[in-house]
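Please read the structure below before turning to the comments.
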Amino acid sequence: MSTPGISAEQVRAFLDGYASAFQRLDKEAVADRYGYPAHVITYDGGVRLLAVPTREVWMVVIDRILEMYRAMGVRGAAIRELRLSDVSPQVALAHVLWALHGDGDRPLYEFAATYTLALFHGELKIVQVVSENEQPKFLGVMRARG
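The numbering of the sequence shown is this note's numbering, which starts it at -12 and goes up by one.
The structure is reproduced here in structure tokens:
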């Protein structure tokens, strides 16, 4: 994908930085990647919608996600697949297959997410994320641990 406003390299660097923020458990840096208001769609046996009106509201959710990752022993995330779709010169969809790993690069699980990315004053922001299958996979890992 290459548009006048958003390049594939820019999206890759943005998402690598997003993964790095999670790896560092840096909730401020994670929150910085979003434009507000944002919209989150998850699936955990049923579709859940979350309107994120402000950074402050999202920080509470980020804390829960980071706690979930701590409990599971996540040490890093890598992009396994990245497909991009143009929406407009300032909006793109990024379809990502993430691989989470723990100590010693031990695989935990892979999950799919789709991000709507928008350019604001030349800077990419996530304005919508669809977390397609992470919650059931997280629960499976935690159940296996007892």
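Think of the CB as a built atom: it goes at the ideal place given N, C-alpha and C, for glycine as much as any other residue.
As the structure is a prediction and not an experimental result, all values here were calculated from the model.
For LEU71, does the count of other Cβ atoms within 10 angstroms reach 16, so buried, or fall short, so exposed? buried
- Which stretch, first to last residue, makes up the alpha helix (DSSP H) that contains ARG35? From DSSP, ARG35 is part of no alpha helix (DSSP H) but of the beta strand (DSSP E) over 34 to 39.
ask   = Can you tell me the Cα-Cα spacing of ARG67 and ASP50, whole angstroms?
value = 25 angstroms
Check: Are the CB atoms of LEU137 and ALA64 nearer to each other than 7 angstroms?
Finding: No answer is possible for residue 137: the residues shown for the chain start at -12 and end at 133.
Local conformation of LEU12 per DSSP, three classes:
coil
- Item | Coarse secondary structure for ASP90, derived from DSSP in three states | helix
key: Pairwise C-alpha distance: VAL47 and ALA144   = Any answer about residue 144 is impossible in this case: the structure gives the chain only from -12 up to 133.
- Query: What distance in whole Å lies between the Cβ atoms of VAL83 and ALA100, which are believed to be in contact at a cut-off of 8 angstroms?
  - Reply: 5 angstroms
Per DSSP, the bridge partner or partners of ARG70 | HIS82
Please report how far the alpha carbon of TYR30 lies from the alpha carbon of LEU126, in whole angstroms.
12 angstroms
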